[in-house]
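Protein chains: 2
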Amino acid sequence: MPGARNLSAALRRTRVPRPRLLSRPVVSHAPNATVRAFTSATARLESRQIKYTSDAYPNVKRDSRFAELSADDVSHFKSLLGAESAVVDGVTADATDDIEPFNSDWMRKYRGHTRLVLKPQTTEEVSKVLKYCNERRLAVVPQGGNTGLVGGSVPVFDEIVINMSRMNNIHSFDQASGVLVADAGVILEVADQYLAQHDHLFPLDLGAKGSCHIGGNVSTNAGGLRLLRYGSLHGSVLGLEAVLPDGTIVDALSTLRKNNTGYDLKQLFIGAEGTIGLITAVSIQCPPRPKAVNVAYFGLESFEQVQQAYLQAKGQLSEILSAFELMDGRSQRLVHESTGNKYPLEGEHPFYCLVETSGSNAEHDMAKLESFLEHVMGEGIVADGVLAQDETQFRSLWRWREGITEALSHLGGTYKYDVSIPLPELYQLVEDCKERLVQKGFVGDDDSFPVRAVVGYGHMGDSNLHLNVSVRQYDKEVEKAIEPWVYEWIQKRQGSISAEHGLGIAKREFIGYSQNETMVKLMKQLKDLYDPKSIMNPYKFIK
Amino acid sequence: MPGARNLSAALRRTRVPRPRLLSRPVVSHAPNATVRAFTSATARLESRQIKYTSDAYPNVKRDSRFAELSADDVSHFKSLLGAESAVVDGVTADATDDIEPFNSDWMRKYRGHTRLVLKPQTTEEVSKVLKYCNERRLAVVPQGGNTGLVGGSVPVFDEIVINMSRMNNIHSFDQASGVLVADAGVILEVADQYLAQHDHLFPLDLGAKGSCHIGGNVSTNAGGLRLLRYGSLHGSVLGLEAVLPDGTIVDALSTLRKNNTGYDLKQLFIGAEGTIGLITAVSIQCPPRPKAVNVAYFGLESFEQVQQAYLQAKGQLSEILSAFELMDGRSQRLVHESTGNKYPLEGEHPFYCLVETSGSNAEHDMAKLESFLEHVMGEGIVADGVLAQDETQFRSLWRWREGITEALSHLGGTYKYDVSIPLPELYQLVEDCKERLVQKGFVGDDDSFPVRAVVGYGHMGDSNLHLNVSVRQYDKEVEKAIEPWVYEWIQKRQGSISAEHGLGIAKREFIGYSQNETMVKLMKQLKDLYDPKSIMNPYKFIK
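If you read the sequences in order, they're chains A and B. Just so we're aligned, residue 1 is where the first sequence starts under my numbering, counting upward by one. Just so we're aligned, residue 544 is where the second sequence starts under my numbering, counting upward by one.
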């Protein structure tokens, strides 16, 4: 990368490997993430080519206990929500083009048959909508930014979509406590930019930040890039407002950091994927925005060395370590081929890492980072490295991590597995999966082979691997070779078959690989308690 | 404090207020906290003087649906648990002296009538005990270190005590992930010392650490001194094992940082005070142990300045700030009178703060701390201050904060209120309470007045105040003057009537001041779901 500080060059010039500081350390904020979601216009044009989920999952049948939408229902909702823009009506009017973006997902993997989209603007409207649906037994799907990866936010059959995009107000921010209160439909990046004006940071960052809603983030317990530093939403979400299927408004929108007065019910809604209630507002603890952020990008020769580098980063960078991301050589080659960008390092390496620090003092952070770099390069843990020198380089390095999903999406289909595995075996899954597919004769460079590449990357600091199998087209034989083999592999290591993406429709069949029977039984019991008519996001999560 | 670095002296010698570094910065670990709990021997001798809870709360009646213990029950338990030491039998044998420590709490405020204490050693034993109790409808009270403040861990009537002290094994610790797995009955300080050997830290610290159990900490969602830095247990607890009343073992003892496969049921047990199940093991994410810890102690002239100091600490110390504790002048005078120790600062101030930093680089931390001190002293936010120079001073300064509870306990009774209030009004509650009690003629220096002092201190960084009214003896008139007035005061500010101590029997009547009717209804629904026969810790938490 021109102008960036090449660490191996610095090492070559000195006997004691001490990386030189060629210019001022980077002072910048978090990377502007790739916005994943398609625009509505794109989706509208292309959605008709997407296979219906009901065809892709022939075993999933419409629950005949659900009522079918009538013209009376539609006129009821129209009068309830008032505004013309609040209802997309494909029942009594022809809204086919308008409604398609709400029926399908950005990956073009899932497509439903809804004929009605409702966009409430207040919690009371949500309450009235759900109460009516529950009484009529009309199934619904809550929908945020629709950026999910497991088909959780689009209908399967004719479920009514309750889209949250019109509930997008920020209620309050308190500088002393760092607590933000906002509607569920606020876009993550909008929330973070608002916080930036107050020198604070949203404690969550992910690729879809330009489209995803904070309500959706909480509903899916999104993990992302900052979990290593700021912890999970179960810790940072202080309060919630949600509406139960019967219309009950659960007002637990506390802004208190500590409140031990009874069961912490709000926790149940975090990660429930809209199956027991609909989150309408969120109160969240936000940390001060770091004054200095640095990023280094390494090439390494083995996964053993990646682990060593991580342990060193954890010990030496400690309180300023804000990301430790793993990318394998294949994933970086795909980004290179997709973007045409020059590699940050000379030559190719089997593994790459991106290490980010965030702190309150640029000089201290740089001193810690230099000492860490000196160690990992001096000990030969890291083969080569580069340190961003300005915000442009900072963003550019992050794109080698964040651009993987997009690079893959240009190549055809991708079988995506988002898993937690104990660190020592984290990458072994990629090796084993590749070997399995090679042995079956599926992998090759020319178009006669279904599989183009087996790629691994992810959040090393959270033991969270993204295994991606890039295929020229979706192929049942390939899928059968991977599943349930991949889940069995994970189960043997007490891992999770869905670390951060959730269950949706894609993973619900496989919950038994990461949860025992008792847990699944207890989950069903809770679902029955809160949603006895099963109207909330049916066909998803748990059966 | 002799030898400690007096900051005002340093300031006096320089025009630009730059605190001098008189010796090496303190490198030490967390303070050795005061052990609150009485020893068994002390409790045995004194417990008979404690008023029975059933007398103190005449409105609470024994639930007649519960069975009474028979000789058959006792022999069943004896054969089930095997070991002689596993059963303290006051039913078929005279175990009066032996059983009393399990009947009463360290504050000498609560005393029950149990005649049977069971000490299971395995999860299977807990399961068999609970299954039997549930079938026979025998009420039980789970008991950890019995260090609680709201009477949650002692019986009211003849509930069987299930004491967890024999389940005290550490299962595993993983250096790479920092995840500790341990039995519920492991003492907090033992867990922390074990982690110290592996350069890690338990992400919770509190005064009772020498006696309290980690299972009890999780059951009560304990807050304590490190929450500001490491967040709540809802974020750091990764997994739990618990036993439901019907004997079902809930194996959710995951060690994964990320696992989005279904409802996060373990969250329900965190802070449930043993009312829906009994926690038998815990898996928890532990941070690397800080290499450098520093502590400063300030005197300030107003609460406005305390707030300014806190905001400056949050902004400037940022990622290394690990505690910001508030103590009012009166609380420090009590510690002085109780211990006879010389004040750390010359003269007296209306407010004091203790600021702790923890980081990975002693020089960086000291530089940040100095810059912070320079600012708050230069700007006149802090009137005087002292910085610990070695571990002895470090511990000594912490005792001015941690010794308050003990100092108060020597004076007679204490009405304790542990509340969350938005920061600007945090201390106003102490002022208003004092004014109210003065106006009623309750406060005075000689023994004719029931109230000796109204004291405020707490975890400023968490907006968590401990309001303590020190009385010469417990007095219904004083209590009536404070309650429900104090709860109404908190409710008006959307605060919490129990920030970290929980509900127990002391606060359960008042839940309505911090939770709305819908929330309480939903809580009861959950209690009924998990514990339909209401055998788990009855008379506590919610009604």
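Even glycine gets a Cβ: it sits at the ideal position worked out from N, Cα and C.
- prompt: Counting contacts by CB-CB distance shorter than 8 Å, is residue 606 (chain B) in contact with chain A?
  reply: No, its Cβ sits nowhere closer than 8 Å to a Cβ of chain A.
- request: Taking only beta-carbon positions, decide if residue 214 (chain A) is within less than 8 Å of chain B.
  value: False, the Cβ-Cβ gap to chain B never drops below 8 Å.
message: For residue 421 (chain A), which residues in the same chain have their Cβ closer than 7 Å to its Cβ, ignoring the five residues on either side in sequence?
response: Excluding sequence neighbours, residue 421 (chain A) sits near 429, 463, 465, 490, 493 and 495.
query: In or out: residue 39 (chain A) buried (at least 16 other Cβ within 10 Å) or exposed?
result: With a pLDDT of only 37 at residue 39 (chain A), under 50, the local geometry of the prediction cannot be trusted, and the value read off the model is given with reservation. Exposed, because fewer than 16 other Cβ atoms sit within 10 Å of the Cβ of residue 39 (chain A).
- prompt: Using 8 Å as the limit for Cβ to Cβ distance, is residue 800 (chain B) near chain A?
  reply: True, the Cβ-Cβ gap to chain A drops below 8 Å.
task: Using the Cα positions of residue 627 (chain B) and residue 661 (chain B), report the straight-line distance between them to the nearest angstrom.
output: Their backbone Cα atoms lie some 11 Å apart in a straight line.
message: Is it buried or exposed, residue 728 (chain B), if we count other Cβ atoms within 10 angstroms and call 16 or more buried?
response: For residue 728 (chain B), the number of other beta carbons within 10 angstroms of its own is at least 16, and it is reported as buried.
- request: Output, in chain order, the set of chain A residues within a Cβ distance shorter than 8 Å of residue 793 (chain B).
  value: What residue 793 (chain B) touches in chain A, judged by beta-carbon distance under 8 Å, is 518, 519 and 522, going in chain order.
query: Start and end of the beta strand (DSSP E) containing residue 827 (chain B)?
result: For residue 827 (chain B), the uninterrupted beta strand (DSSP E) segment begins and ends at 821-828.
- request: Mind listing, in chain order, the continuous alpha helix (DSSP H) runs of no fewer than 4 residues lying wholly within the region 189-229 of chain A?
  value: Those alpha helix (DSSP H) runs which fall completely within the region 189-229 of chain A and span 4+ residues are 214-219.
query: For a contact meaning CB atoms closer than 7 Å, what does residue 270 (chain A) contact in chain B?
result: Residues of chain B passing the Cβ test: 807.
- prompt: So the beta strand (DSSP E) residue 376 (chain A) belongs to, where does it begin and stop?
  reply: Per DSSP, residue 376 (chain A) belongs to no beta strand (DSSP E); it is in the alpha helix (DSSP H), 362-378.
message: For a minimum of 4 consecutive residues, which ranges assigned as the alpha helix (DSSP H) are wholly contained in the region 85-143 of chain A?
response: Listed in chain order, the complete alpha helix (DSSP H) runs (minimum 4 residues) inside the region 85-143 of chain A are 96-103 and 123-136.
- prompt: For residue 872 (chain B), which of helix, strand or coil comes out of DSSP?
  reply: In the three-state scheme derived from DSSP, where H, G and I count as helix and E and B as strand, residue 872 (chain B) is classed as helix.
- request: Report the neighbours of residue 777 (chain B) on chain A: residues whose CB is nearer than 8 Å to its CB, in chain order.
  value: Chain-order list of chain A residues neighbouring residue 777 (chain B): 234, 235, 264 and 267, by C-beta distance under 8 Å.
field: Rounded separation between residue 411 (chain A) and residue 99 (chain A) - CA only
entry: So the two alpha carbons sit approximately 28 Å from each other.
- prompt: Are there three or more Cβ pairs, one per stretch, closer than 8 Å when the region 140-159 of chain A is compared with the region 100-118 of chain A?
  reply: Touching, yes, given that three or more Cβ pairs across the two stretches are closer than 8 Å.
- request: Quick one: list the residues of chain C neighbouring residue 320 (chain A), beta-carbon separation under 7 Å, in chain order.
  value: The structure shown has no chain C; the protein chains it does contain are A and B.
Reduced DSSP category for residue 617 (chain B) - H, G, I as helix; E, B as strand; rest coil: Here residue 617 (chain B) sits in helix by DSSP.
message: Under DSSP, the beta strand (DSSP E) around residue 534 (chain A) begins and ends at which residues?
response: Premise fails: residue 534 (chain A) is in no beta strand (DSSP E) and is neither H nor E.
- prompt: Which residues in the same chain have their Cβ closer than 6 Å to the Cβ of residue 629 (chain B), if we skip the five residues on either side of it in sequence?
  reply: The residues 662, in chain order, have a CB closer than 6 Å to that of residue 629 (chain B) in the same chain once the five nearest residues on each side in sequence are set aside.
query: Between residue 274 (chain A) and residue 822 (chain B), what straight-line distance do the alpha-carbon atoms span, to the nearest angstrom?
result: C-alpha of residue 274 (chain A) to C-alpha of residue 822 (chain B): approximately 28 Å in a straight line.
field: Nearest candidate by alpha-carbon position, reference residue 142 (chain A), set A:290, A:541, A:536 and A:369
entry: Nearest option by C-alpha distance: A:536.
message: Once DSSP output is grouped into helix, strand and coil, what is the label at residue 421 (chain A)?
response: The three-state reading of DSSP puts residue 421 (chain A) in coil, since its state is none of H, G, I, E or B.
- prompt: Between the region 915-927 of chain B and the region 841-859 of chain B, do three or more beta carbon pairs fall short of 8 Å?
  reply: These segments touch.
task: Enumerate in chain order the residues of its own chain whose CB-to-CB distance from residue 859 (chain B) is below 8 Å, with the five nearest sequence positions on each side excluded.
output: Answer for residue 859 (chain B): 911, 914, 915 and 918, listed in chain order.
task: Note down, in chain order, each residue of its chain lying with its Cβ closer than 7 Å to the Cβ of residue 540 (chain B), except the 5 sequence neighbours on either side.
output: Given a span of 544 to 1086 for chain B in the structure shown, any question on residue 540 (chain B) remains unanswerable.
query: Taking C-alpha atoms, which residue in A:107, A:196, A:452 and A:425 lies nearest to residue 208 (chain A)?
result: Nearest to residue 208 (chain A) by alpha-carbon distance, out of A:107, A:196, A:452 and A:425, is A:107.
message: So, with DSSP's three-state summary, where would you put residue 358 (chain A)?
response: In the structure shown, residue 358 (chain A) sits in a strand (DSSP, three-state: E or B).
task: Compute the beta-carbon to beta-carbon distance between residue 221 (chain A) and residue 276 (chain A), rounded to the nearest angstrom, for a pair I have assumed lies under 8 Å.
output: Not quite, the Cβ-Cβ distance comes to about 14 Å (not below 8 Å), so this is no contact.
query: Relative to the ligand SAM, is the shortest distance from any of its heavy atoms to the C-beta of residue 1006 (chain B) smaller than 7 Å?
result: As presented, the structure is devoid of all ligands, the ligand SAM included, so that no description of it is given.
- request: Compare the beta carbon distance of residue 677 (chain B) and residue 794 (chain B) with 8 Å and say whether it is the shorter of the two.
  value: For residue 677 (chain B) and residue 794 (chain B), no; Cβs fall outside 8 Å.
CB contact below 8 Å: residue 575 (chain A) versus chain B: No answer is possible for residue 575 (chain A): it lies beyond the span of chain A, which begins at 1 and ends at 543.
- prompt: Which runs of the alpha helix (DSSP H) fall wholly inside the region 784-862 of chain B and span at least 4 residues, in chain order?
  reply: Counting only runs of at least 4 residues, the region 784-862 of chain B fully encloses the following alpha helix (DSSP H) elements, listed from N- to C-terminal order: 809-812 and 846-859.
message: Considering only the alpha carbon of each residue, which of B:690, B:672, B:680 and B:634 lies closest to residue 653 (chain B)?
response: Nearest Cα to residue 653 (chain B) within the set B:690, B:672, B:680 and B:634: B:690.
query: With a cut-off of 8 Å, does the C-beta of residue 535 (chain A) fall near any C-beta of chain B?
result: Taking Cβ atoms only, chain B never reaches closer than 8 Å to residue 535 (chain A), which makes this a no.
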